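Novice: Numbering (this note's numbering), first residue to last: 18 to 159.
C-beta: ideal position from N, C-alpha, C; glycine also.
The structure displayed is predicted, hence computed values, not measured ones.
The following block contains the structure, expressed as structure tokens.
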């Protein structure tokens, strides 16, 4: 944390994006520490906070978005089996397409935190309601 503080102090926060990363290639999931996103957001609320993933798989990057990362960075490769220190932690083109598609689904699914009945629920609500609501007729025999 001292290194991050020193870097931000040296360059300032104007036009600064801060990305949480753990620099192991590939990084074990136990070392990802995604809760650092909250720590960075609290410390520098004026800066966009993102995630630079070096793990195998996509789930931690999706989790980072759910936790509020405003941008993500992943290494891209044509073939994860190629020679190189970070190939195993890179994403192939098909994985990148899936990553972005699922991030867009996550963004759309987050909502605004206000409970409401959606139009897609109305048919099931009417069908499964046990007790009639205001203005509804009781089933025959009740």
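Round the Cβ separation of residue 59 and residue 68 to the nearest angstrom and send it over; I've been treating them as touching at under 8 Å.
Specialist: Going by Cβ atoms, the distance from residue 59 to residue 68 rounds to 16 Å, so no, they are not a contact pair.
Novice: Below 8 Å CB to CB, which residues in the same chain sit around residue 35 once its five sequence neighbours on both sides are set aside?
Specialist: Once the five neighbours on either side are set aside, the close Cβ partners of residue 35 are 21, 25, 57, 61, 64, 65, 66, 67.
Novice: Taking the alpha-carbon positions, what's the residue 103 to residue 143 distance?
Specialist: Approximately 54 Å between the Cα atoms of the pair.
Novice: So, are the CB atoms of residue 43 and residue 81 less than 7 Å apart?
Specialist: No, these two residues do not count as a Cβ contact at 7 Å.
Novice: How about residue 109 and residue 91: are their beta carbons less than 7 Å apart?
Specialist: No, these two residues do not count as a Cβ contact at 7 Å.
Novice: Mapping the DSSP letters down to three states, classify residue 109 as helix, strand or coil.
Specialist: DSSP places residue 109 in strand when its eight states are reduced to three.
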